[in-house]
Each structure stands twice: as C-alpha cells, then as structure tokens.
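Presented below is the structure to which this report refers.
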Amino acid sequence: MDRLTKRGIDKAFNDIMICLITFLAGTIVQLKDKALPNVA
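Residues 160 to 199 in the working numbering are what the sequence shown spells out, letter by letter.
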C-alpha cells in the first residue's frame with residue numbers, strides 16, 4: 160500500500176512539474192515576444 164501511494168505521489172509530482180515547466184516556458188516565450196518583437 161505504501162509503495163502504491165508513493166508511486167501515485169511521485170506520478171502526481173512529475174505531472175505537476177511538467178505542467179509548471181510548460182507554463183513557465185510559454186510565459187517566457189510570450190514575454191520575449193512582447194519585449195523583443197523584432198528578433199523573430
């Protein structure tokens with residue numbers, strides 16, 4: 160039972176981290192596009 164719970168927590172943690180990294184990457188790209196519109 161503990162192993163199953165720990166695996167579930169690890170999976171949820173990984174999913175949250177992936178979502179957070181994706182969100183941050185998207186935000187950074189948008190900020191770069193707004194700050195430097197001529198670079199692209």
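Glycine residues also receive a C-beta, built at the ideal position from the N, C-alpha and C atoms. No experiment lies behind these values; they were computed from the predicted model shown.
Segment limits, alpha helix (DSSP H) that includes residue i
{"i": "L163", "result": "161-194"}
Between the CA atoms of residue j and residue i - distance to the nearest angstrom
{"i": "I187", "j": "L179", "result": "12 Å"}
{"i": "R166", "j": "I177", "result": "16 Å"}
{"i": "G185", "j": "D169", "result": "24 Å"}
{"i": "A171", "j": "L190", "result": "28 Å"}
{"i": "T164", "j": "D174", "result": "15 Å"}
{"i": "R162", "j": "F182", "result": "30 Å"}
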